[in-house]
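Throughout the sequence shown, residue numbering follows mature numbering (1 follows the signal peptide of the UniProt record, and there is no 0), covering -27 to -1, 1 to 169 in sequence. Yeah, the Cβ is synthetic: ideal placement off N, Cα and C, and Gly gets one too.
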Amino acid sequence: MANLTTPRLHFLLALQLLMLIQSQVLCYQYKVGDLDSWGIPTSANPQVYTKWSKYHQFKLGDSLLFLYPPSQDSVIQVTAQSYSSCNLKDPILYMNDGNSLFNFTTLGDFYFTSGEPGHCEKSQKLHISFLSGNGSADSPSSGPSSLDASAPSYPTVFGTIPAPPSSSSSSPSQRFPVFAAAVVGFVVFALFSGNM
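Below you can see the structure in the form of structure tokens.
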């Protein structure tokens, strides 16, 4: 049997562990509003954030990127009551750097609005709701097919849009790297232990 304290074996076991971890990390960063960024919605698209949130499916580990001119706007996370009444006092979180990132680390409802007076009343606000690990915005069945015909269509200029996760907990394509990493690890261990 091989000595379990050899540096080579430690390296190979660490490599196997990294392969297992890497195969499970599938998180995305979503730019809020896509091409519209974070700002007061235009009269041509007053419900941009409602439509945007219904189009995307979020899961734990994903993040929202709010882009805006820092001298003209900000983002605050608020309670449901403050969201409904556009109350900007006592936000849960205040971000004003123009490149604000919010990470989903827990399940639940998340309410965002502009921190600038008057912007919330002009529909510059966003509600994201998910209650399971592969949740979606506002309703479990929402997705690209649930958009109405008036939803805007934009050309892809920043690369491809990541496909939403499948409804199953893990698809065969996600399980294969884990299986392959486990087989490689066992083969390497067997080779070094002299049993093969």
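Task: 9 Å Cβ cutoff met for MET68 and SER96 - done: Taking 9 Å as the Cβ cut-off, MET68 and SER96 do not qualify as a contacting pair.
Task: Cβ shell of LEU74 (< 6 Å), same chain only, five flanking positions each side left out - done: Correct list, in chain order: SER36 and LEU38.
TODO: Could you tell me whether the region 16 to 30 touches the region 58 to 72, where touching means 3 or more Cβ pairs closer than 8 Å?
DONE: No, the region 16 to 30 does not touch the region 58 to 72.
Task: Neighbourhood of LEU(-13) by C-beta distance below 6 Å, restricted to the same chain and skipping five residues each side - done: Cβ within range, chain order: n/a, list empty.
TODO: Report buried or exposed for GLY12, applying the criterion of at least 16 other Cβ atoms within 10 angstroms of its Cβ.
DONE: The residue is buried, with at least 16 neighbouring Cβ atoms inside 10 Å.
TODO: For VAL156, count neighbouring Cβ atoms within 10 angstroms of its own Cβ and tell me buried if that reaches 16, exposed if not.
DONE: Exposed.
Task: Opening and closing residue of the beta strand (DSSP E) in which LYS4 lies - done: Run containing LYS4: 2 to 4, per the beta strand (DSSP E) assignment.
TODO: From the DSSP output, read off the bridge partner residues of PHE75.
DONE: Per DSSP, LEU37.
- [ ] Determine the burial state of PHE103: buried for a count of at least 16 other Cβ atoms within 10 Å of its Cβ, exposed for fewer.
- [x] Burial call: buried.
Task: Nearest-angstrom Cβ-Cβ length linking PHE85 and GLN50, presumed shorter than 8 Å - done: Indeed, because the Cβ distance is near 6 Å, the residues count as touching under 8 Å.
TODO: Go to SER87, then tell me how far its beta strand (DSSP E) extends in each direction, as first and last residue.
DONE: Segment 81 to 87, the beta strand (DSSP E) holding SER87.
TODO: Using the Cα positions of PHE162 and LEU(-15), report the straight-line distance between them to the nearest angstrom.
DONE: Their backbone Cα atoms lie some 8 Å apart in a straight line.
Task: Element boundaries [beta strand (DSSP E), containing residue 170] - done: Any property of residue 170 remains undetermined from this structure, which presents the chain solely from -27 to 169.
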